[in-house]
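Peer 1: Top line first, the protein sequences correspond to chains A and B. Residue 1 is where the first sequence starts when you use the numbering used here, and the numbers rise one by one after that. Residue 115 is where the second sequence starts when you use the numbering used here, and the numbers rise one by one after that. Where a beta carbon is used, it is the ideal one built from N, C-alpha and C, also for glycine.
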Amino acid sequence: EAGVAQSPRYKIIEKRQSVAFWCNPISGHATLYWYQQILGQGPKLLIQFQNNGVVDDSQLPKDRFSAERLKGVDSTLKIQPAKLEDSAVYLCASSAAEGRYGYTFGSGTRLTVV
Amino acid sequence: RKEVEQDPGPFNVPEGATVAFNCTYSNSASQSFFWYRQDCRKEPKLLMSVYSSGNEDGRFTAQLNRASQYISLLIRDSKLSDSATYLCAVNRGYSTLTFGKGTMLLVSP
Numbered sequence: 001e002a003g004v005a006q007s008p009r010y011k012i013i014e015k016r017q018s019v020a021f022w023c024n025p026i027s028g029h030a031t032l033y034w035y036q037q038i039l040g041q042g043p044k045l046l047i048q049f050q051n052n053g054v055v056d057d058s059q060l061p062k063d064r065f066s067a068e069r070l071k072g073v074d075s076t077l078k079i080q081p082a083k084l085e086d087s088a089v090y091l092c093a094s095s096a097a098e099g100r101y102g103y104t105f106g107s108g109t110r111l112t113v114v
Numbered sequence: 115r116k117e118v119e120q121d122p123g124p125f126n127v128p129e130g131a132t133v134a135f136n137c138t139y140s141n142s143a144s145q146s147f148f149w150y151r152q153d154c155r156k157e158p159k160l161l162m163s164v165y166s167s168g169n170e171d172g173r174f175t176a177q178l179n180r181a182s183q184y185i186s187l188l189i190r191d192s193k194l195s196d197s198a199t200y201l202c203a204v205n206r207g208y209s210t211l212t213f214g215k216g217t218m219l220l221v222s223p
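Following this line, the structure appears as structure tokens:
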């Protein structure tokens with residue numbers, strides 16, 4: 001089975017610029033997650049989708065971050081405008097069966113804001 | 115108290131040693147528990163689930179202690195290839211996992 005696909009792998013932008021990340025989950029996985037992992041920290045949930053509906057976005061900085069999953073399959077996470085502290089790895093994950101068997105992560109997008 | 119806490123380490127052990135990590139969680143209603151392995155500059159990969167009855171997979175044993183609210187991971191006969199960061203993950207509601215900061219393990223020859 002194909003894994004979770006993410007692009008791009010790396011991105012370097014200047015502060016105040018905008019950036020977008022794309023994720024395609026494992027086929028058939030209804031639940032999709034975006035996590036932010038800052039160096040030396042564990043992954044932190046930004047937003048969780050069930051099909052195309054948002055289940056949890058309580059930790060998403062909504063003044064600058066947005067995400068969508070319009071057709072219940074792939075998803076886009078956007079940051080506008082970026083800040084230096086947004087430098088991190090953005091991980092997409094998907095799960096079946098309400099996450100009872102854990103998640104599968106994509107390889108992530110490493111964002112550097114300069 | 116943080117939702118999920120781990121000793122960041124690093125744990126430095128020689129090959130062949132047995133090493134154990136603990137992870138404490140604050141939400142007594144948590145139902146699902148996992149250990150993930152993360153290699154440097156890679157994504158986390160599911161190592162094993164943690165069941166109430168414990169779980170063993172080869173050299174790895176995971177246990178859950180609900181009374182004291184912690185999970186553990188025991189690695190026997192450590193290999194160089196076990197060097198990685200081990201993340202524990204605990205659910206906090208509808209399938210959402212909260213991760214600890216991870217424990218770094220370094221296995222030396």
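1. Can you find a CB in chain A that lies within less than 7 Å of the CB of residue 117/B?
2. What are the boundary residues of the beta strand (DSSP E) that includes residue 151/B?
3. When DSSP labels each residue in this structure, what does residue 46/A get in the three-state scheme?
4. When the cut-off is 7 Å and only beta carbons count, does residue 61/A lie next to chain B?
5. Out of curiosity, what's the CA-to-CA distance linking residue 32/A and residue 201/B?
6. If you reduce the DSSP assignment to three classes, tell me which class residue 74/A lands in.
7. Between residue 171/B and the rest of its own chain, which residues show a CB-CB distance below 6 Å, the 5 nearest in sequence each way excluded?
8. Are the CB atoms of residue 186/B and residue 177/B nearer to each other than 7 Å?
9. Does DSSP put residue 163/B in a helix, in a strand, or in coil?
Peer 2: In terms of the structure at hand:
1. Position 3 of the second sequence, counting from 1, holds the residue named residue 117/B. No, because no Cβ of chain A sits closer than 7 Å to the Cβ of residue 117/B.
2. Numbered from 1 along the second sequence, position 37 holds the residue referred to as residue 151/B. Counting along the chain, the beta strand (DSSP E) containing residue 151/B begins and ends at 147-152.
3. Taking the first residue of the first sequence as position 1, residue 46/A is located at position 46. If DSSP states are grouped into helix, strand and coil, residue 46/A belongs with the strands.
4. Position 61 of the first sequence, counting from 1, holds the residue named residue 61/A. Chain B contact via Cβ: absent.
5. Here residue 32/A refers to the residue found at position 32 when the first sequence is read from its first residue. Here residue 201/B refers to the residue found at position 87 when the second sequence is read from its first residue. So the alpha carbons of these two residues sit roughly 20 Å apart.
6. The count along the first sequence starts at 1 and reaches residue 74/A at position 74. If DSSP states are grouped into helix, strand and coil, residue 74/A belongs with coil.
7. As a working note, residue 171/B is residue 57 in the second sequence. If we look at residue 171/B and ignore the five residues flanking it on each side, its Cβ neighbours are 162.
8. By 1-based counting over the second sequence, the position of residue 186/B is 72. By 1-based counting over the second sequence, the position of residue 177/B is 63. Yes, the pair counts as a contact, with Cβ atoms nearer than the cut-off.
9. The sequence position of residue 163/B within the second sequence is 49, counting from 1. In the structure shown, residue 163/B sits in a strand (DSSP, three-state: E or B).
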